[in-house]
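Engineer: Shown below is the structure under consideration.
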Amino acid sequence: MGNEIVVNVNAREIRLALMENGNLQEIYVEKPEQQRIAGNIYKGKVINVLPGMQAAFIDIGLEKNAYLYVSNALPIETVLTGNGKRKKKRKRINEILHPNQSVIVQITKEPIGTKGARITSKISLPGRYMVLTPMDSHIGISHRVDGEKERKRLRKLANEVCQNGEGLIVRTAANGVSNRELKRDYRFLKLLWESIKEKSRKLKAPALLHHDADLIFRSVRDFFGIDIDQFIIDDSKVYKRVLSIASDLAPDCIDRVFHYTQKRDIFDTFGVETEINKALKRKVWLKCGGYLIIDRTEAMTVIDVNTGKFVGKKNLADTILKTNLEAATEIARQLRLRDIGGIIIIDFIDMETEVNQMKVLTALDEAIIDDRAQPTVLGITSLGLVEMTRKKVSSGLSEIMQKNCPYCEGSGRVISEEAMCSYLENEIKKYFSSYSTEAILIEVNPLVAAVLIGSGGSNLNRLEKECRGTIFIRGAENRHVSDWTIISAGTSENVQMQALPVSEGDRLSVFIEEQHQNNPSMGIARVNGYVLQVPEGGNFVGKRVRLEVVKTNRTYGISQIVH
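Its first residue numbered 443, the sequence shown is counted upward by one per residue in the working numbering.
As structure tokens, this is what we get:
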């Protein structure tokens, strides 16, 4: 299989998948209400200059002020020392900026959570073949451009066209492209920069000077090259737009743009949906039987490697090495797929020899070489953990598609039934001591109800003696383990009328919901949360039956099937 760009369009969002040899490598999601702002250029107003932090906060018109660190404020100056040698010197932030000053800045990292956007004054304007850096004179050639002769040609051209201290980064797509086409790309970027400067002269800060391209335009500009075999879109309007953009930016690629018209969902056809669902999970299985555990925190991402079901064929050292080598490749893929940035710590399975450690580090280095987010492997710590970093530009897959659990608040852990019952018992005691009431009816999760009642009602009987009152308990499936409420309080007679929705002798039609945990032949039905045990009802789970209530207790009733 080759490399494809697969685009799914619906009313809510546009999703774009980058496939390499049939494997999903990157996924991008763009929603109308969540427009990407990374890459946007603004005229900002300096609000605070913080010498202690060597940073400044800039108002660029967003909800939160943007953060500008001194290293992103201006290029490092080169000065002469006393002995005539040149030395690089960085100015302090208060020597560069002052409050109410206007500055042109670009967003390098979108606002995430409580943090505002990260910005830089080192503007970069990406084109099809090159990136113009008008504030930085550096000339760079992509490391993926092959051949020394070609690299010299591109560097010579870049030096020829650059003026007045500006710089260029020549992209991989420029490999083999004629000088005429490259100069045309440069002229477009130059005109764009001039228009941005003109807007800056006319507009008052804060103001948006340039909005970076949307997902579809960027995908043609940045991804659609000779290494892409197919660009497939399931929407006719977007398909025509891709053709239009490609005719200007990549005319030699137009014959590889296709409109997907099959009834089956395009992401299902290419296996993308399944991979997205896997990428949202904490555990990632390896082909060898081992697995990864990926945990994200505010400060960093931690990845743990385990052998799992893999037992190997030779010896333990060989099993560990094979698992770690496969894990290194999969980790690189997961970082791209989930778009994980910042500090990353990897706990590979312990290896006894430095030779094996170097094999794994080399495998990791090779696996991340094509990652556009510029990951860097820093090495192994004294504790045997691998440190690496990866550029964070925007929200990752998890931030886009998931939210924190309202019960555990993102911790991944909830209170146990036993702990919840201890808490509830204290709350019930407080209630009886604070209010003059004979009885209460509480509604809780069925699992909590079972523990609260106890075997044969032992826990409930004890609690009632301690409270000197009557307690009715109703189980409700829609309540979380930590969720509970007092439905009713008052005289025992009135509360019992609410607590027991059925009476002995009643006949009713109900669903048998499940089998009794300790007696599979018995079925369980519920009426307004009140449990009815149904002898011989275990075979009717999921079916509606007619019952007669034989006996009622405070916590459950007994019924029989009638025909």
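For each residue, glycine too, the CB sits at the ideal point set by N, CA and C.
Quick caveat: nothing in here was measured; it's all calculated off a predicted structure.
Are the beta-carbon atoms of residue 656 and residue 572 separated by less than 8 Å?
Structural biologist: As a first step, residue 656 is located in the sequence shown; it is residue number 214 there, counting from the start. As a first step, residue 572 is located in the sequence shown; it is residue number 130 there, counting from the start. Taking 8 Å as the Cβ cut-off, residue 656 and residue 572 do not qualify as a contacting pair.
Engineer: Pull up the distance between the alpha-carbon of residue 470 and that of residue 892, whole angstroms please.
Structural biologist: Along the sequence shown, one-based indexing puts residue 470 at 28. Along the sequence shown, one-based indexing puts residue 892 at 450. Looking at the two C-alpha atoms, the distance is approximately 46 Å.
Engineer: Residue 773 and residue 832 - do their beta-carbons sit closer together than 8 Å?
Structural biologist: In the sequence shown, the residue the question calls residue 832 occupies position 390. In the sequence shown, the residue the question calls residue 773 occupies position 331. Contact: no.
Engineer: Answer yes or no: do residue 407 and residue 496 have a C-beta to C-beta separation smaller than 8 Å?
Structural biologist: Outside the displayed span of the chain (443 to 1005) sits residue 407, for which this structure offers no information.
Engineer: Name, in chain order, the residues that DSSP records as bridge partners for residue 727.
Structural biologist: Position 285 of the sequence shown, counting from 1, holds the residue named residue 727. Residue 727 is bridged to 733.
Engineer: Give every residue of the same chain whose Cβ lies closer than 7 Å to the Cβ of residue 583, excluding the five residues on either side of it in the sequence, and list them in chain order.
Structural biologist: Residue numbering aside, residue 583 sits at position 141 when the sequence shown is read from its first letter. Cβ neighbours of residue 583 beyond the five flanking positions: 593, 596, 597, 612.
Engineer: Check whether the segment 905-924 and the segment 968-978 touch, using three or more Cβ-Cβ pairs below 8 Å as the test.
Structural biologist: Yes, they touch.
Engineer: How many Å lie between residue 718 and residue 890 at the Cα?
Structural biologist: On the sequence shown, position 276 is the one that residue 718 refers to. On the sequence shown, position 448 is the one that residue 890 refers to. One C-alpha to the other measures close to 35 Å.
Engineer: My assumption, with CB atoms under 8 Å, is that residue 726 sits in contact with residue 788. Please give the rounded CB distance.
Structural biologist: Translated into the one-based positions of the sequence shown, residue 726 becomes position 284. Translated into the one-based positions of the sequence shown, residue 788 becomes position 346. That belief does not hold up - the Cβ atoms of residue 726 and residue 788 are roughly 13 Å apart, past 8 Å.
Engineer: For the structure I just gave you, are there three or more beta carbon pairs, one from the segment 832-843 and one from the segment 798-805, closer than 8 Å?
Structural biologist: Counting Cβ pairs under 8 Å, fewer than three are found: no touch.
Engineer: Kindly indicate the opening and closing residues of the beta strand (DSSP E) around residue 692.
Structural biologist: Walking along the sequence shown from the start, residue 692 turns up at place 250. Counting along the chain, residue 692 falls outside any beta strand (DSSP E), and DSSP gives it neither H nor E.
Engineer: Could you have a look at residue 466 and say whether DSSP puts it in helix, strand or coil?
Structural biologist: Here residue 466 corresponds to residue number 24 of the sequence shown, with the count starting at 1. Looking at residue 466 - three-state DSSP - the assignment turns out to be strand.
Engineer: Considering only residues of the same chain and omitting the five flanking positions on each side of residue 819, which have a CB-CB separation below 8 Å?
Structural biologist: Within the sequence shown, numbered from 1, the residue matching residue 819 stands at position 377. Only 803, 806, 807, 810, 828, 829, 830 meet the Cβ criterion.
Engineer: Let me know if residue 580 comes out buried or exposed under the rule of 16 or more other beta-carbons within 10 Å of its beta-carbon.
Structural biologist: The residue labelled residue 580 in the question sits at position 138 within the sequence shown. By the 10 Å Cβ count, residue 580 comes out exposed.
Engineer: Measure the alpha-carbon distance for residue 631 versus residue 761 and round it to whole angstroms.
Structural biologist: In the sequence shown, residue 631 corresponds to position 189, counting from 1. In the sequence shown, residue 761 corresponds to position 319, counting from 1. Rounded to the nearest angstrom, the two C-alpha atoms are 53 Å apart.
Engineer: Note the first and the last residue of the continuous beta strand (DSSP E) segment covering residue 574.
Structural biologist: By 1-based counting over the sequence shown, the position of residue 574 is 132. Counting along the chain, the beta strand (DSSP E) containing residue 574 begins and ends at 572-575.
Engineer: Would you mind giving the Cβ-Cβ distance between residue 387 and residue 1003, rounded to the nearest angstrom? I have them listed as a contact below 8 Å.
Structural biologist: The first residue shown for the chain is 443 and the last is 1005, placing residue 387 beyond what the model contains.
Engineer: Comparing alpha-carbon positions, which option in 556, 475, 640 lies nearest residue 483?
Structural biologist: By 1-based counting over the sequence shown, the position of residue 483 is 41. Checking every option, the nearest Cα to that of residue 483 belongs to 640.
Engineer: Going by beta-carbon coordinates alone, are residue 734 and residue 844 separated by less than 8 Å?
Structural biologist: Working through the sequence shown from its first residue, we reach residue 734 at position 292. Working through the sequence shown from its first residue, we reach residue 844 at position 402. In this structure, residue 844 does not lie closer than 8 Å to residue 734 by Cβ.
Engineer: What's the call for residue 461, buried or exposed, on a 16-neighbour Cβ count within 10 Å?
Structural biologist: Your numbering for residue 461 matches position 19 in the sequence shown. Classification of residue 461: buried, given that the 10 Å Cβ count is 16 or more.
Engineer: Determine the burial state of residue 509: buried for a count of at least 16 other Cβ atoms within 10 Å of its Cβ, exposed for fewer.
Structural biologist: As a working note, residue 509 is residue 67 in the sequence shown. It is buried - the Cβ of residue 509 has at least 16 other Cβ atoms within 10 Å.
Engineer: Tell me the DSSP secondary structure of residue 502 in three-state form.
Structural biologist: Residue numbering aside, residue 502 sits at position 60 when the sequence shown is read from its first letter. The answer is coil: DSSP assigns residue 502 none of H, G, I, E or B.
Engineer: Taking the alpha-carbon of residue 763 as reference, which of 793, 703, 743 has the nearest alpha-carbon?
Structural biologist: Translated into the one-based positions of the sequence shown, residue 763 becomes position 321. Minimum Cα distance to residue 763 is reached at 793.
Engineer: So, residue 879 versus residue 911, is the Cβ gap smaller than 8 Å?
Structural biologist: By one-based count along the sequence shown, residue 879 stands at place 437. By one-based count along the sequence shown, residue 911 stands at place 469. Cβ atoms of residue 879 and residue 911: closer than 8 Å.
Engineer: Where does the unbroken alpha helix (DSSP H) through residue 868 begin, and where does it stop?
Structural biologist: In the sequence shown, residue 868 corresponds to position 426, counting from 1. Run containing residue 868: 859-876, per the alpha helix (DSSP H) assignment.
Engineer: Counting C-beta neighbours from all protein chains within 10 Å, is the total for residue 875 16 or more, i.e. buried, or is it exposed?
Structural biologist: Position 433 of the sequence shown, counting from 1, holds the residue named residue 875. Exposed, since its Cβ has fewer than 16 Cβ neighbours within 10 Å.
Engineer: Which whole-angstrom value is the C-beta distance of residue 714 and residue 451, which I expect to be below 8 Å?
Structural biologist: As a working note, residue 714 is residue 272 in the sequence shown. As a working note, residue 451 is residue 9 in the sequence shown. Not quite, the Cβ-Cβ distance comes to about 13 Å (not below 8 Å), so this is no contact.
Engineer: Checking 8 Å against the spacing of the C-beta atoms, do residue 747 and residue 687 come in under that value?
Structural biologist: Here residue 747 refers to the residue found at position 305 of the sequence shown. Here residue 687 refers to the residue found at position 245 of the sequence shown. No. Outside cutoff.
Engineer: Since residue 647 contacts residue 485 with CB under 8 Å, what's their CB separation in whole angstroms?
Structural biologist: Taking the first residue of the sequence shown as position 1, residue 647 is located at position 205. Taking the first residue of the sequence shown as position 1, residue 485 is located at position 43. Right, the Cβ-Cβ distance comes to about 5 Å (below 8 Å), so this counts as a contact.
Engineer: Could you tell me which residues DSSP pairs with residue 953 in its beta bridges?
Structural biologist: One-based indexing of the sequence shown puts residue 953 at position 511. DSSP, once it has assigned bridges, lists 986 as partnering residue 953.
Engineer: Does the Cβ-Cβ distance between residue 673 and residue 699 come in under 8 Å?
Structural biologist: Counted from its first residue, the sequence shown places residue 673 at position 231. Counted from its first residue, the sequence shown places residue 699 at position 257. A contact, by the Cβ cut-off of 8 Å.
Engineer: When you compare each of 926, 559, 536 to residue 547 by their alpha carbons, which one comes out closest?
Structural biologist: What you label residue 547 is simply residue 105 of the sequence shown in a count that begins at 1. Comparing Cα-Cα distances from residue 547 to each of 926, 559, 536, the minimum goes to 559.
Engineer: Using the C-alpha atoms, what's the distance from residue 858 back to residue 532?
Structural biologist: Within the sequence shown, residue 532 is the residue found at index 90, counting from 1. Within the sequence shown, residue 858 is the residue found at index 416, counting from 1. Roughly 55 Å separates the two Cα atoms.
Engineer: Compare the beta carbon distance of residue 472 and residue 670 with 8 Å and say whether it is the shorter of the two.
Structural biologist: Along the sequence shown, one-based indexing puts residue 472 at 30. Along the sequence shown, one-based indexing puts residue 670 at 228. No, the Cβ-Cβ distance between residue 472 and residue 670 is not below 8 Å.
Engineer: Kindly give me the distance between the Cβ atoms of residue 654 and residue 617, rounded to whole angstroms, as I take these residues to be in contact under 8 Å.
Structural biologist: Translated into positions along the sequence shown, residue 654 becomes position 212. Translated into positions along the sequence shown, residue 617 becomes position 175. At roughly 24 Å, the Cβ-Cβ gap does not stay under 8 Å, so residue 654 and residue 617 are not in contact.
Engineer: Are the Cβ atoms of residue 563 and residue 575 separated by less than 8 Å?
Structural biologist: Your numbering for residue 563 matches position 121 in the sequence shown. Your numbering for residue 575 matches position 133 in the sequence shown. The answer is no: Cβ separation not under 8 Å.
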